[in-house]
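Colleague: According to the numbering used here, the residues represented by the sequence shown are 1247 to 1518, in order.
Sharing a structure with you now.
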Amino acid sequence: MNRLSWFNAVSLTLGFAFLYIPMIILIIFSFNESKLVTVWAGFSTKWYGEVFQNQQLLDAAWVTVRVAVFSSTIATILGTAAAYVLVRGGRFFGRTLFSGMIYAPLVMPEVITGLSLLLLFIGIGLDRGILTIVLAHTTFSMCFVSVVVSSRLVTFDQSLEEAALDLGCSPAQAFRLVTLPIIAPAVISGWLLAFTLSLDDLVIASFTSGPSATTLPMRIFSAVRLGVSPEINALSTIMIAIVTVGVITASLVTKRAMVRQKRDEMAAARTE
């Protein structure tokens, strides 16, 4: 059994400290009484109340959540379909071009993506707003979903689908009843990844948003240019708490699904 060496332990500790100590400091100073974010003046939760009374932040948060939900859902549907075609479609005319177009946003700079989408929306006369942000986020997050789902489909046992077809299922029924439940953890992971990318995006949203649609990252960036306020610390702490709860919930759901799948496989093996 390999033991953790002192070098690896120190490197791991420094890495985690570099990542999480700034977050811990931010959370601590979100409870600061003073308006100065670097001067501790006592414990207080008043800035959380200020956040929920700031209508501009609330409107931007609502826009961000709506955009993230719609764009991640559409990206998951399209990305799953693209992954299924790439893995199960075999060789077909234009496969290389199709796969290149799917994976291009992975390596494309966000500035180029945002600028090209802006020119597209201007060219077709589409007013910028929530719809254009949803289309833009769907475009760049769909490839991430496709990568996640493709990795699961590659290891998927096609004999299960073939057995369902032999038992009378149509291809659509076999996908819905057999394939989709098995790849569901990958699909959920892809949706969560797309949702997180949409929540975090600033560059592309800056190009494709309009006066009536300002996302939360854009609002925060505009605020911190004038100096970090305790409200931003409180808002960031709330976002960290929401993400933490979401990650824990997704991990528990995925683990429960894996345990159920393993139990079903063991039960099927005993009946053979």
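Built from N, CA and C at the ideal position, the CB exists for glycine as well.
#1: Is the beta carbon of Gly1436 sitting closer than 8 angstroms to the one on Val1499?
#2: Figure out for me which residue from Gly1492, Arg1506 and Pro1463 has the closest Cα to the Cα of Ser1308.
#3: For my contact list, Val1433 and Ala1410 are in at a C-beta cut-off of 8 angstroms; report their separation, rounded to the angstrom.
#4: Alpha carbon to alpha carbon, how far is Thr1454 from Leu1361? Give it in angstroms, no decimals.
#5: For Asn1278, which three-state DSSP category applies?
#6: Rounding to the nearest angstrom, what Cα-Cα distance links Ala1451 and Ala1459 in this structure?
#7: Smallest Cα separation from His1383: which of Asp1447, Ser1392 and Val1400?
#8: Looking at Val1391: is its Cβ nearer than 8 angstroms to the Cβ of Thr1310?
#9: Could you say which of Leu1438, Glu1477, Ile1478 and Ile1484 lies nearest to Ala1321 if we only look at CA atoms?
#10: Using only the alpha-carbon positions, how far apart do Ala1420 and Glu1408 sit?
#11: Which of helix, strand or coil does DSSP assign to Phe1289?
#12: Of the choices Arg1471, Arg1398 and Val1380, whose alpha-carbon is the least far from that of Phe1441?
#13: Taking the continuous alpha helix (DSSP H) assigned at Met1354, which residues delimit it?
#14: With burial defined as no fewer than 16 other Cβ atoms inside 10 Å of the residue's Cβ, what is the status of Val1297: buried or exposed?
#15: Leaving aside the five residues before and after Met1247 along the sequence, list all residues of the same chain whose C-beta is less than 6 angstroms from its C-beta, in chain order.
#16: How many Å lie between Lys1281 and Thr1490 at the Cα?
Modeller: In short, the structure shows the following:
#1: Position 190 of the sequence shown holds residue 1436. Position 253 of the sequence shown holds residue 1499. No, the Cβ-Cβ distance between Gly1436 and Val1499 is not below 8 angstroms.
#2: In the sequence shown, the residue the question calls residue 1308 occupies position 62. Contrary to the premise, residue 1308 reads as Trp rather than Ser in this sequence. Trp1308 has its Cα closest to that of Pro1463, out of Gly1492, Arg1506 and Pro1463.
#3: Sequence index remark: in the sequence shown, residue 1433 carries index 187 (1-based). Sequence index remark: in the sequence shown, residue 1410 carries index 164 (1-based). 18 angstroms between Cβ atoms; not a contact.
#4: One-based indexing of the sequence shown puts residue 1361 at position 115. One-based indexing of the sequence shown puts residue 1454 at position 208. Rounded to the nearest whole angstrom, the C-alpha separation of Leu1361 and Thr1454 is 8 angstroms.
#5: Here residue 1278 corresponds to residue number 32 of the sequence shown, with the count starting at 1. Residue state, collapsed to three classes: strand.
#6: Against the sequence shown, residue 1451 aligns to sequence position 205. Against the sequence shown, residue 1459 aligns to sequence position 213. Distance between the alpha carbons of Ala1451 and Ala1459 is about 9 angstroms.
#7: Residue mapping note: residue 1383 aligns to position 137 of the sequence shown, counting from 1. Closest by C-alpha distance to His1383, out of Asp1447, Ser1392 and Val1400, is Asp1447.
#8: On the sequence shown, position 145 is the one that residue 1391 refers to. On the sequence shown, position 64 is the one that residue 1310 refers to. In this structure, the beta-carbon distance from Val1391 to Thr1310 does not fall below 8 angstroms.
#9: The sequence position of residue 1321 within the sequence shown is 75, counting from 1. When only C-alpha atoms are compared, the closest one is Leu1438.
#10: Your numbering for residue 1420 matches position 174 in the sequence shown. Your numbering for residue 1408 matches position 162 in the sequence shown. Rounded to whole angstroms, Ala1420 to Glu1408 spans 8 angstroms at the Cα level.
#11: Stepping through the sequence shown from its first residue, residue 1289 is reached at position 43. In this structure, Phe1289 counts as strand in the three-state DSSP scheme.
#12: Against the sequence shown, residue 1441 aligns to sequence position 195. Of Arg1471, Arg1398 and Val1380, the residue nearest in Cα terms is Val1380.
#13: Here residue 1354 refers to the residue found at position 108 of the sequence shown. Note, Met1354: premise wrong, no alpha helix (DSSP H); not H, not E.
#14: Within the sequence shown, the letter at position 51 stands for residue 1297. It counts as buried.
#15: Indexing the sequence shown from 1 puts residue 1247 at position 1. Below a pLDDT of 50, predicted positions are generally treated as unreliable, and Met1247, at 48, falls in that range; the measurement from the model is reported next regardless. Within the same chain, no Cβ atom closer than 6 angstroms to the Cβ of Met1247 is found once the five residues on either side in sequence are excluded.
#16: Position 35 of the sequence shown, counting from 1, holds the residue named residue 1281. Position 244 of the sequence shown, counting from 1, holds the residue named residue 1490. The alpha-carbon separation between Lys1281 and Thr1490 amounts to approximately 27 angstroms.
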